[in-house]
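Trainee:
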Amino acid sequence: MTEDIAPVRNGWDLGIRDILGMAWRNLVHIVRTPQLLVFSSIQPIMFVLLFRYVFGGAIKTPGGDYVDYLLPGIFVQTALFGGASTAVGLSEDLKQGIVDRFRALPMARSAVLAGRTIADLCRNVIVVLLMVAVGLLVGFRFHGSFVADIGAMGLVLLFGYTFSWVFAAVALAVRDPETAQLAGFLPIFPLVFASSAFVPVQTMPTWLRDFANVQPVSVTIDAVRALVTGAPVGHWLWQSFVWIAAILVVFVSIAISRYRTV
Amino acid sequence: MYAKDAIGERCAIGTTDEITVEGIGKRFGSTIALDDVHLTVPRGTVFGLLGPNGAGKTTLVRILTTLLRPDHGRAVVAGYDVVHDAAQLRSVIGLAGQYAAVDETLTGRENLKLVARLYHLPRREWGPRAEAVLERFSLTDAADRPVRTYSGGMRRRLDLGASLVGRPRVLILDEPTTGLDPRTRMELWVYVEDLVRDGVTVLLTTQYLEEAERLAARMAVLDQGKVIAEGTANELKDRLGGAVLEVAVADPKDLERARELLVGVGSGAPSIDPARNTVSVAAHQDAQVVLDAAARLLQGEVPLQDIALRRPSLDDVFLALTGNRTAVEPAAAQGPKRWGRRSS
Ligand SMILES: Nc1ncnc2c1ncn2[C@@H]1O[C@H](COP(=O)(O)OP(=O)(O)OP(=O)(O)O)[C@@H](O)[C@H]1O
Ligand SMILES: [Mg+2]
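Chains as they are written, first to last, in our numbering: chain A, 1 to 262; chain B, 1 to 344.
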């Protein structure tokens, strides 16, 4: 054997550089297709207008304005749906065969997935900020302490990031972009609508209420809502963290092990 | 800089095998894509992998580039086992897959710089490496346009370029010239020859026999996952007994009848090439064969245009080995000969 042409260096710094390289590539995509960003913001804006002005009058929320009840739900929903772009982007890459190029390069194996989810997180920051602006326009106000408010938005983004991995695992399983998006939304829809996002769970039948009270979307929305309205956040925050940790552990490992075999 | 030292050393060592494939097998469900494949490729040579559609060429390429694990068997590339040393292997190989794998939204230059970055080259190298490749493949003018606006051939060139950014020791090309115009194809051949002169080992799959004959010192023919022949072009041709009897009929309607009449003449089964209006059969270099054939056709009242014994082409070899004739398609008239099993 002759000397290696390129010395093989495996290390954390290289892994992180690969992730940054991939994230850069995906961010360029986001910046160069601004129309996608615009259209993915329209849907949550419609939800705000719909619930604020059409259904809002008929929904009774305990203590406080409905708009302050609604917007935390909208933030979380927006971040969650934003995770779908991970499914679309990843399955596009798989379909176009560029993932084969990446997998034959000496880069960290996790960089394709991590770079993708991180870029989608950046994208979610923009969309969620936009939703905050829209919220402020329709009368929503932050009532928590500065730290609590920032923490709430951090929780929203972390939750969206967590679901990016769910969408990544789905995309790697089904491979086709359209199917990936549809399949990814299957579990998301019941989680978002059978939750405390738009209406208080008290009006739901008992069996549904029991589900709505413990599922990840509800507890996260309740935690965010408590933080931004300045109410005691109670058990919701740690329940939300438990869900986030559990979902990350399960879906990061599913996604990475599936990625090895595509 | 590493590359030069390594090449010097490599030349000093002489001929060792850069790619060794031992008993590789791979199946997908009930399809046996590769069945006990053995191959060796000496360092600094071009090896051609030929075979009809579905023969298993891409599967072997994917195994050698660590994209796929073999079910059994062992393969060593540049001294690294494709399964156990996959991570190290990836830093010394370049792959251009069967379908262009480039980013549509990035520009050509950005694509190449990204690849340089993922090879862990120092940042100051990214630009010059990209520039050199762009120049080599005449993409300088289009360098700063998104790849989405590239023509198929430009995309293909960029893809090939991307496989060279890391200055690989072993280059693996899966049908590299499919979709290139004749001029670009020729340029690529010259480029591959340059690389080989520098000590790079190249394994390429191709359906163009002309390409294999021109570039590859040795070649193997895969069919249904098995290596059915291996050697130099001349060795393969010699397997046919040295000659081919070819009969051109005056009227295409007589082709089938001529084929029937020629059964038993020569040493193989006669076959029809409708594109050229001929029936051919492997034979020994012996004028008696021509007389025999002529007598039979005369008796069968088949008017002839031409009858001759000639040196077999690679195409004849494949025909004899796999029972498949060169794909007959209009494009064949312009480009080099394509060979493959027609799916339709
Ligand atoms: N991922 C897969 N799943 C199932 N079958 C597969 C898969 N990949 C390849 N095959 C099968 O394995 C066989 C060999 O395929 P392969 O792609 O290696 O052929 P090939 O020689 O490259 O053909 P072509 O000239 O058409 O590119 C084919 O029968 C193919 O259908
Ligand atoms: Mg193939």
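Ideal placement from N, C-alpha and C gives every residue a C-beta, glycine not left out.
Source: prediction; values computed, not measured.
Contact between the segment 46-61 of chain A and the segment 142-159 of chain A: three or more CB pairs below 8 Å?
Mentor: Judged by Cβ distances under 8 Å, the segment 46-61 of chain A makes no contact with the segment 142-159 of chain A, as fewer than three pairs qualify.
Trainee: Against chain A, with Cβ distances strictly below 8 Å, would serine 91 of chain B count as a contact?
Mentor: Taking the second sequence and counting its residues from 1, one reaches residue 91 of chain B at position 91. Answer yes: the Cβ-Cβ gap between serine 91 of chain B and chain A drops below 8 Å somewhere.
Trainee: For isoleucine 13 of chain B, collect the residues of the same chain with a Cβ closer than 6 Å to its Cβ; drop the 5 residues on either side in sequence, then sort them by chain order.
Mentor: Reading the second sequence from its first residue, position 13 is the one you call residue 13 of chain B. With a pLDDT of only 43 at isoleucine 13 of chain B, under the threshold of 50, the placement of this residue in the model should not be trusted; the figure read from the coordinates follows. Within the same chain, isoleucine 13 of chain B has no close Cβ partners at all.
Trainee: With DSSP as the reference, identify every bridge partner of lysine 95 of chain A, one or two as the case may be.
Mentor: Your numbering for residue 95 of chain A matches position 95 in the first sequence. According to DSSP, lysine 95 of chain A bridges with nothing at all.
Trainee: Using the rule of at least 16 other Cβ atoms within 10 Å of the residue's Cβ for burial, across every protein chain shown, is threonine 117 of chain A buried or exposed?
Mentor: Stepping through the first sequence from its first residue, residue 117 of chain A is reached at position 117. So threonine 117 of chain A ends up on the buried side.
Trainee: Comparing alpha-carbon positions, which option in A:Val242, A:Trp207 and A:Ser257 lies nearest valine 219 of chain A?
Mentor: The sequence position of residue 219 of chain A within the first sequence is 219, counting from 1. When only C-alpha atoms are compared, the closest one is A:Val242.
Trainee: So for aspartate 144 of chain B, helix, strand or coil by DSSP?
Mentor: Counted from its first residue, the second sequence places residue 144 of chain B at position 144. Aspartate 144 of chain B: coil per DSSP, three-state reduction.
Trainee: Cβ of serine 267 of chain B within 8 Å of Cβ of alanine 287 of chain B?
Mentor: As a working mapping, residue 267 of chain B is identified with position 267 in the second sequence. As a working mapping, residue 287 of chain B is identified with position 287 in the second sequence. Taking 8 Å as the Cβ cut-off, serine 267 of chain B and alanine 287 of chain B do not qualify as a contacting pair.
Trainee: So who's on the other strand from alanine 220 of chain B, going by DSSP bridges?
Mentor: Start at 1 with the first residue of the second sequence, and residue 220 of chain B comes out as number 220. Its beta-bridge partners are B:Leu49 and B:Glu230.
Trainee: Which residues end up in the neighbourhood of ligand 1 when you take C-beta atoms closer than 6 Å to any of its heavy atoms?
Mentor: Taken from the N-terminal end onward, the list reads B:Phe28, B:Thr31, B:Ala33, B:Gly51, B:Asn53, B:Gly54, B:Ala55, B:Gly56, B:Lys57, B:Thr58, B:Thr59 and B:Gln98.
Trainee: Specify whether the segment 212-221 of chain B and the segment 110-123 of chain B touch according to this definition: at least 3 beta carbon pairs, one from each stretch, less than 8 Å apart.
Mentor: They do not touch, by the three-pair rule.
Trainee: Quick one: is the Cβ of aspartate 223 of chain B within less than 7 Å of any heavy atom of ligand 2?
Mentor: Position 223 of the second sequence, counted from the first residue, corresponds to residue 223 of chain B. Outside the cutoff, so no.
Trainee: By DSSP's criteria, serine 91 of chain B is part of a beta bridge. Which residues make up the other side?
Mentor: Taking the first residue of the second sequence as position 1, residue 91 of chain B is located at position 91. Answer is none; serine 91 of chain B lacks a bridge partner.
Trainee: Under three-state DSSP, which class holds leucine 203 of chain B?
Mentor: Sequence index remark: in the second sequence, residue 203 of chain B carries index 203 (1-based). Reduced to three states, the DSSP call for leucine 203 of chain B is strand.
Trainee: Taking 8 Å as the cut-off, does the segment 44-53 of chain B touch the segment 28-36 of chain B (at least 3 CB pairs, one atom from each stretch)?
Mentor: No: fewer than three Cβ pairs fall under 8 Å.
Trainee: For aspartate 17 of chain B, is the beta carbon positioned less than 7 Å from some heavy atom of ligand 2?
Mentor: Working through the second sequence from its first residue, we reach residue 17 of chain B at position 17. Not so, every heavy atom of ligand 2 lies at least 7 Å from the Cβ.
Trainee: Going by C-alpha distance, which of A:Arg258, A:Ala168, A:Leu237 and A:Thr206 is nearest leucine 80 of chain A?
Mentor: The residue labelled residue 80 of chain A in the question sits at position 80 within the first sequence. Among A:Arg258, A:Ala168, A:Leu237 and A:Thr206, the Cα nearest to that of leucine 80 of chain A belongs to A:Ala168.
Trainee: According to DSSP, is tyrosine 208 of chain B part of a helix, a strand, or is it coil?
Mentor: In the second sequence, the residue the question calls residue 208 of chain B occupies position 208. Tyrosine 208 of chain B falls in the strand class under three-state DSSP.
Trainee: Under the three-state reduction of DSSP, which class applies to leucine 130 of chain A: helix, strand or coil?
Mentor: Along the first sequence, read from residue 1 onward, the residue named residue 130 of chain A stands at position 130. Of the three classes helix, strand and coil, the one that applies to leucine 130 of chain A here is helix, per DSSP.
Trainee: Is the segment 57-74 of chain B close to the segment 160-180 of chain B, with three or more CB pairs under 8 Å?
Mentor: Contact between the segment 57-74 of chain B and the segment 160-180 of chain B is present, because at least three Cβ pairs lie under 8 Å.
Trainee: What three-state label does DSSP hand valine 37 of chain B in the structure shown?
Mentor: The sequence position of residue 37 of chain B within the second sequence is 37, counting from 1. In this structure, valine 37 of chain B counts as strand in the three-state DSSP scheme.
Trainee: Could you say which of A:Gly184, A:Phe159 and A:Phe193 lies nearest to alanine 246 of chain A if we only look at CA atoms?
Mentor: Position 246 of the first sequence, counting from 1, holds the residue named residue 246 of chain A. Nearest C-alpha to alanine 246 of chain A: A:Phe159.
Trainee: Would you kindly work out how many angstroms separate the C-alpha atoms of aspartate 311 of chain A and glycine 115 of chain A, rounded to a whole number?
Mentor: With chain A covering 1 to 262 only, the question about residue 311 of chain A has no answer from this structure.
Trainee: What are the start and end residues of each continuous beta strand (DSSP E) run of 3 or more residues lying completely inside the segment 140-190 of chain A, in chain order?
Mentor: Correct list: empty.
Trainee: With the cut-off set at 8 Å, would you say serine 30 of chain B and proline 106 of chain A are in Cβ contact?
Mentor: Taking the first residue of the second sequence as position 1, residue 30 of chain B is located at position 30. Taking the first residue of the first sequence as position 1, residue 106 of chain A is located at position 106. It is not a contact, given that the beta carbons lie outside the stated cut-off.
Trainee: Tell me where the beta strand (DSSP E) around leucine 304 of chain B begins and ends.
Mentor: Numbered from its first residue, the second sequence carries residue 304 of chain B at position 304. Start and end: 304-310.
Trainee: Quick check: does the Cβ of aspartate 18 of chain A come within less than 7 Å of any heavy atom belonging to ligand 2?
Mentor: As a first step, residue 18 of chain A is located in the first sequence; it is residue number 18 there, counting from the start. No - ligand 2 has no heavy atom lying nearer than 7 Å to the Cβ of aspartate 18 of chain A.
Trainee: So valine 41 of chain B and leucine 297 of chain B are supposed to be a Cβ contact under 8 Å. How far apart are they, rounded?
Mentor: The residue labelled residue 41 of chain B in the question sits at position 41 within the second sequence. The residue labelled residue 297 of chain B in the question sits at position 297 within the second sequence. Incorrect: roughly 45 Å between the Cβ atoms, too far for contact.
Trainee: Going by C-alpha to C-alpha distance, which of A:Gly89, A:Gly82, A:Phe142 and A:Val38 sits closest to glutamate 178 of chain A?
Mentor: Mapped onto the first sequence, residue 178 of chain A falls at position 178. Checked all of A:Gly89, A:Gly82, A:Phe142 and A:Val38; the closest Cα to glutamate 178 of chain A is A:Gly89.
Trainee: So is the beta-carbon of aspartate 222 of chain A under 7 Å away from any non-hydrogen atom of ligand 2?
Mentor: What you label residue 222 of chain A is simply residue 222 of the first sequence in a count that begins at 1. No, Cβ of aspartate 222 of chain A sits at least 7 Å from all heavy atoms of ligand 2.
Trainee: Do the CB positions of glutamate 213 of chain B and alanine 233 of chain B come within less than 8 Å of each other?
Mentor: In the second sequence, counting from the first residue as 1, residue 213 of chain B sits at position 213. In the second sequence, counting from the first residue as 1, residue 233 of chain B sits at position 233. Yes, they are a contact pair.
Trainee: At a cut-off of 7 Å, would you count aspartate 174 of chain B as near ligand 2, judging by its Cβ distance to the nearest heavy atom?
Mentor: As a position in the second sequence, residue 174 of chain B is number 174, starting the count at 1. Yes - ligand 2 has a heavy atom lying nearer than 7 Å to the Cβ of aspartate 174 of chain B.
Trainee: Determine, using beta carbons only, whether isoleucine 74 of chain A and phenylalanine 39 of chain A come nearer to each other than 8 Å.
Mentor: Looking up residue 74 of chain A in the first sequence gives position 74. Looking up residue 39 of chain A in the first sequence gives position 39. No, they are not a contact pair.
Trainee: Using a C-beta cutoff of 8 Å, does alanine 104 of chain A count as contacting chain B?
Mentor: Taking the first residue of the first sequence as 1, we reach residue 104 of chain A at position 104. It does: the Cβ of alanine 104 of chain A has a partner Cβ on chain B nearer than 8 Å.
Trainee: With 8 Å as the limit, tell me which residues of the segment 104-120 of chain B have their beta carbon closer than that to any beta carbon of chain A; keep them in chain order.
Mentor: If the cut-off is 8 Å between Cβ atoms, the segment 104-120 of chain B has Glu104, Thr105, Leu106, Glu110, Leu114, Val115, Arg117, Leu118, Tyr119 and His120 near chain A.
Trainee: Is it buried or exposed, arginine 325 of chain B, if we count other Cβ atoms within 10 angstroms and call 16 or more buried?
Mentor: Locating residue 325 of chain B in the second sequence gives position 325, counting from the first residue. Legend: pLDDT at arginine 325 of chain B = 49, less than 50; position of this residue unreliable, value from coordinates given subsequently. When all chains shown are included, arginine 325 of chain B counts as buried.
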